[in-house]
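Start counting the sequence shown at 97; every next residue gets the next number (the numbering used here).
A virtual CB, placed ideally from N, CA and C, is assigned to each residue, including glycine.
Read through the structure below, which is laid out as structure tokens, and then see the notes.
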Amino acid sequence: MNFENFKKIVQNTRSTRRFKKKITIDKRELIELIDIARTVSSGKNMQPLKYIAITDEKIKDEIYKPLVWAAHLTDWNQNKDEKPSAYILVINDTSIEGFSAIDSGIAMQTIMLGATSKGYSGCILASIDKIAYKKLFNLDNHLEPMFIIALGVKDENIEVVDVTNSTDTNYYRDTNDNHCVPKRSLDTILINKD
Ligand SMILES: Cc1cc2nc3c(=O)[nH]c(=O)nc-3n(C[C@H](O)[C@H](O)[C@H](O)COP(=O)(O)O)c2cc1C
97 MNFENFKKIV
107 QNTRSTRRFK
117 KKITIDKREL
127 IELIDIARTV
137 SSGKNMQPLK
147 YIAITDEKIK
157 DEIYKPLVWA
167 AHLTDWNQNK
177 DEKPSAYILV
187 INDTSIEGFS
197 AIDSGIAMQT
207 IMLGATSKGY
217 SGCILASIDK
227 IAYKKLFNLD
237 NHLEPMFIIA
247 LGVKDENIEV
257 VDVTNSTDTN
267 YYRDTNDNHC
277 VPKRSLDTIL
287 INKD
């Protein structure tokens, strides 16, 4: 893959919250993504993360309940026709002394990039109910749910726009219902410009 293709995959990997309905993602595809995430960098190579691949309809309903979609969009909520097709639950095995906060970021972005390259889109969500999920999967005490990654086929238009006011990075929907994600310009984040 050349750099331009890589750039496209990164730029197209956007947090997606409106998914096409009636799309099935095979559990094997989720496992393929987890299998890639398994090989990425890990602090001290301790690898404390574990995963659950979720495609079962009843379990998906339970996973869905506590999720908070796009907290900044106060006049929008995901409707029942926009739900994700599958989920990957990211778990910290606290019996392994690792760097789960950092490792999970690296692993989740890898899964998100892999999903894009497969034609899917996703959203990392921190707004989960850790206690409910622990019960749902009958997890031992040392297995702590951290994040869920929702996956499906994108059914919205998402655009990256420049941050215009440095104190306001909130995403918003424009008048054409495009989801706009303000990012700080290179100029404002690159300290050594020459
Ligand atoms: C650690 C983390 C937690 C997040 N939690 C949520 C969440 O609970 N609900 C949600 O709708 N989006 C969540 N997001 C998505 C962010 O809102 C999103 O990354 C941000 O708006 C920028 O959009 P982009 O990912 O397309 O660049 C989360 C993202 C990260 C990295």
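Hey, out of the options, whose CA is closest to residue i's CA?
{"i": "D171", "options": "D290, Y267, I285", "result": "Y267"}
{"i": "K279", "options": "M204, R134, T260, Y147", "result": "T260"}
{"i": "N272", "options": "N253, I155, S196", "result": "N253"}
{"i": "Q143", "options": "D131, A149, K154", "result": "D131"}
{"i": "H168", "options": "H275, L286, D290", "result": "H275"}
{"i": "Q107", "options": "V186, V256, T190, E158", "result": "V256"}
{"i": "I187", "options": "L163, K154, L235", "result": "L235"}
{"i": "R269", "options": "F99, T112, K214", "result": "T112"}
{"i": "K161", "options": "D258, L232, S200", "result": "L232"}
Identify, in the order they occur along the chain, each residue of the same chain with its Cβ nearer than 7 angstroms to the Cβ of residue i, setting aside the five sequence neighbours on each side.
{"i": "A246", "result": "P180, Y183, G218, C219, L221"}
{"i": "K103", "result": "none"}
{"i": "V136", "result": "I202, A203, T206"}
{"i": "K116", "result": "G248, V249, D251"}
{"i": "S191", "result": "H238"}
{"i": "D199", "result": "S138, G139, P144, L145"}
Excluding five sequence neighbours on each side, which residues of the same chain lie with their C-beta closer than 8 angstroms to the C-beta of residue i?
{"i": "N262", "result": "Per the sequence shown, residue 262 should be read as Ser rather than Asn. The residues are R280, T284."}
{"i": "D122", "result": "T151"}
{"i": "F195", "result": "S138, G139, K140, M142, P144"}
{"i": "D264", "result": "P278"}
Determine, using beta carbons only, whether residue i comes closer than 7 angstroms to chain C.
{"i": "I245", "result": "The question asks about chain C, but that chain is absent: this structure has only one protein chain."}
Residues in its own chain within less than 6 angstroms of residue i by CB, not counting five upstream and five downstream?
{"i": "T109", "result": "M208, L209, T212"}
{"i": "L129", "result": "I207, G210"}
{"i": "W165", "result": "R113, Q174"}
Considering only heavy atoms of ligand 3, does any lie closer than 6 angstroms to the CB of residue i?
{"i": "R110", "result": "With respect to ligand 3, the structure offers nothing, as its ligand set consists of ligand 1."}
Decide yes or no for the touch test of the segment 233-253 against the segment 169-176: beta carbon pairs closer than 8 angstroms, at least 3 of them.
-> no
Could you please go through the chain and list the residues whose beta-carbon is closer than 5 angstroms to any non-hydrogen atom of ligand 1?
-> R110, S111, W165, A166, I220, L221, A222, S223, Y267, V277
Please list the segments of the beta strand (DSSP E) lying wholly inside the segment 142-177, counting only runs of 3 or more residues, in order along the chain.
-> 145-150
Report yes or no: do the segment 227-234 and the segment 115-135 share at least 3 C-beta pairs separated by less than 8 angstroms?
-> no
Please specify which runs of the alpha helix (DSSP H), each continuous and at least 4 residues long, are wholly inside the segment 222-263, giving them in chain order.
-> 226-232
Fully enclosed by the segment 175-209, which beta strand (DSSP E) runs are 3 residues long or longer?
-> 182-189
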